[in-house]
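So the sequence shown is numbered by our numbering: it starts at 1 and just counts up by one. Using N, Cα and C, we set each Cβ at its ideal position, and we do this for glycine too. Source: prediction; values computed, not measured. Worksheet: one structure, shown below.
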Amino acid sequence: MDYFVTDEKDRRSQTAAPPPGSMSLGYHNGASSSSTLADGGNADRYGFYSNPNSHTPSMHEGSIDPIVPIKSSKASATFMQTSADTVVERGHKQGAGSDLELARRIAAIDANAPRDAPDGEQLHSTLHSPYVRKQLAELKVHRPYFLWTVTFAQVVLMIVELIVNLQRTGSLIETNPFNYMIGPSSGIIIHTGGRFTPCIRPNTGYDKPGMIFACPAGVPGTPQRQGGSTIQVCTLDQLCGMGGLNGQPPNQWYRFIVPIFLHGGLVHLAMNLVFQCKTGFQMEQDFGWWRMALIYMISGVGGFIFGGNYSGMSPSVGCSGALFGLIACLLIDLMQNWRLVKNPGWELAKLIFLILVSFLLGTLPYLDNFAHIGGFFCGFLAGLIFMPTIYYTKTDKIVKITLQAIAVPLLIGVFALMITGFYNVSNSCPWCKYLTCIPGMPWCEQKWNQTLAYVP
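So this is what it looks like as structure tokens:
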């Protein structure tokens with residue numbers, strides 16, 4: 001976790017209280033701290049041990065209660081950031097692994113971390129354990145290189161989608177039917193790599209030889225006279241794009257990966273980046289880039305495979321499945337540190353509220369709640385395997401390593417079942433559509449019954 005001692009000296013400076021909503025659930029956005037770091041780094045750290053001045057919870061956000069309010073003593077060192085008088089800081093790569101540096105930090109904890117909080121509350125005895133303090137002192141802070149790169153790619157590709165839509169339809173966004181996400185047409189989403197089942201597997205009814213369809217808006221086709229008018233028609237090969245099918249059965253498996261970097265519109269992108277930038281970046285600072293990359297991609301790909309089993313012919317894009325995997329990691333963090341969190345039941349309630357709100361948003365166009373479900377469970381298993389953790393006792397270490405060992409075959413088995421199910425065309429779940437759209441919404445027919453118009 002993210003707390004250990006650093007020399008504070010005269011670095012304390014008063015800062016303004018954070019604006020409402022600057023706290024991402026589980027991870028701290030830090031504006032409530034009254035200290036800055038000597039290296040100019042960010043003092044923002046783990047949220048279950050932080051106090052964001054009781055912010056009002058909103059989507060992907062929430063207030064976190066401190067474990068105990070502890071003040072630093074005599075400008076020496078701070079142990080945890082829990083109020084405007086304390087700051088959490090993690091180990092830095094430079095010198096963090098040296099024996100001398102490690103000894104200095106542990107000695108600072110012994111000398112300066114007060115045993116009694118000012119209000120009489122006791123610091124949890126676990127945090128005084130030399131076994132725990134050594135692990136805390138060895139923690140490093142990482143730069144979020146992976147999510148920086150992913151976020152940049154997602155923004156660039158959103159711009160590309162809009163430009164392509166403008167070039168092919170004369171409008172930046174789809175207006176008929178209106179794209180409520182303020183983005184391109186479904187044809188552009190399919191053509192640029194969205195998950196679209198007929199392009200990934202055979203036997204969907206759309207891959208019969210000689211079949212042609214009325215091209216969705218934005219997909220270049222061939223003019224054909226139809227009932228006194230001229231329409232654009234295209235084959236499945238033309239519709240799928242991405243190099244085409246080249247006369248082979250549909251097998252564009254990479255459509256489980258590419259959609260993570262695409263979005264259905266500016267609103268869709270903005271909603272995802274709020275959580276990704278405020279919470280995901282903080283998590284990568286703790287996890288490191290390769291752990292974050294594995295959890296993020298396993299969750300995103302797993303979400304799209306699971307969603308492909310139930311989401312019919314609707315195209316699907318977005319990194320929501322990957323972000324649900326990160327939410328699952330927040331749940332793991334809370335569970336593994338339950339005894340150290342003040343009011344853990346309240347923190348769990350806020351996390352559940354966050355999940356429910358996110359599922360509600362999944363009923364909007366181009367969003368796939370099945371991808372959210374798949375991403376959450378794949379992210380939970382991936383988090384057990386790859387998340388860094390603190391072992392509080394020898395028994396705790398055995399339990400966590402055992403869970404890690406169990407999660408590996410479970411994750412492999414889940415992927416095997418999802419892939420097998422996807423290519424099993426007999427899968428049917430008539431009622432599942434109600435998980436993707438609330439009946440009565442104007443876009444439900446678009447999500448439930450989107451089909452390609454066959455041209456005889």
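message: Less than 7 Å between the beta carbons of A328 and G288, yes or no?
response: no
task: Drop a sphere of 10 angstroms on the beta-carbon of Y462, count the other beta-carbons inside from all chains shown, and report buried for 16 or more, exposed for fewer.
output: The displayed coordinates of the chain run from 1 to 456. Any statement about residue 462 would go beyond what the structure contains.
- prompt: What did DSSP end up calling G62 once you bin it into helix, strand or coil?
  reply: With a pLDDT of 32 at G62, under the threshold of 50, the modelled position of this residue cannot be trusted; read the value that follows with caution. Looking at G62 - three-state DSSP - the assignment turns out to be coil, as it is neither helix nor strand.
message: Could you compute how far the alpha carbon of I305 sits from the alpha carbon of L273?
response: 22 Å
- prompt: Can you tell which of A214, Y254 and G264 has the C-alpha that lies nearest to the C-alpha of V160?
  reply: G264
query: For A407, which three-state DSSP category applies?
result: helix
- prompt: Should V317 and I189 be called a contact, given that it needs their Cβ atoms to be closer than 7 Å?
  reply: yes
task: Count the CB pairs spanning the stretch 335-353 and the stretch 291-305 that are closer than 8 Å, and state whether there are at least three.
output: no
field: R339, DSSP secondary structure in three states
entry: helix
- prompt: Under the rule that 16 or more other beta-carbon atoms within 10 Å means buried, what is K394, buried or exposed?
  reply: exposed
Same chain only: Cβ atoms within 7 Å of F386, ignoring 5 sequence neighbours per side: R291, L294 and I295
Residue environment, L364, which counts as buried when at least 16 other CB atoms sit within 10 Å: buried
- prompt: Taking the continuous alpha helix (DSSP H) assigned at I212, which residues delimit it?
  reply: Counting along the chain, I212 falls outside any alpha helix (DSSP H), though it belongs to the beta strand (DSSP E) covering I212 to A214.
Counterpart residues of C234 in DSSP-defined beta bridges: F213
message: Is the beta carbon of P315 closer than 7 Å to that of F213?
response: no
task: Within the same chain, show all residues whose beta-carbon is closer than 8 Å to that of N176, passing over the 5 residues directly before and after it, in chain order.
output: A217
task: Could you give the DSSP three-state label for R225: helix, strand or coil?
output: strand
- prompt: Taking the alpha-carbon positions, what's the L331 to N251 distance?
  reply: 36 Å
message: Considering just the uninterrupted stretch of the alpha helix (DSSP H) at E284, what are its terminal residues?
response: F281 to F287
message: Need the endpoints of the alpha helix (DSSP H) that S457 sits in, please.
response: A query on residue 457 cannot be resolved here, the shown segment of the chain reaching from 1 to 456 and no further.
- request: Output yes or no for whether 7 Å exceeds the beta carbon distance between C215 and Q226.
  value: no
Residue from G300, L381 and Q248 with nearest C-alpha to G413: L381
query: Can you tell me the Cα-Cα spacing of M441 and M181, whole angstroms?
result: 14 Å
- request: Please confirm whether G375 and G325 have their CB atoms less than 7 Å apart.
  value: yes
- prompt: For T149, which option in D237, Y391, I260 and R168 has the closest C-alpha, if you only look at C-alpha atoms?
  reply: I260
- prompt: Over what stretch of residues does the alpha helix (DSSP H) that includes Q154 continue unbroken?
  reply: Y145 to T169
query: What do you get for I390, buried or exposed, if any count of 16 or more other CB atoms within 10 angstroms of its CB means buried?
result: buried
task: Might you give, ordered along the chain, the residues of its own chain that have their beta carbon closer than 6 Å to the beta carbon of L403, omitting 5 neighbours on each side?
output: L384
message: I'd like to check one pair, D396 with G307: are the Cβ atoms closer than 7 Å?
response: no
- prompt: Shortest alpha-carbon distance to C277 belongs to which of Y131, E138, L136 and V155?
  reply: V155
- request: Have a look at R255, L162, E347 and K208 and flag the residue whose alpha-carbon is nearest the alpha-carbon of D302.
  value: The amino acid occupying residue 302 in the given sequence is Gly; Asp does not appear at that position. G302 has its Cα closest to that of R255, out of R255, L162, E347 and K208.
- request: Check each candidate in I401, M242, C378 and V399 and name the one with the smallest Cα separation from A416.
  value: C378
task: Helix, strand or coil for T363, going by three-state DSSP, please let me know.
output: coil
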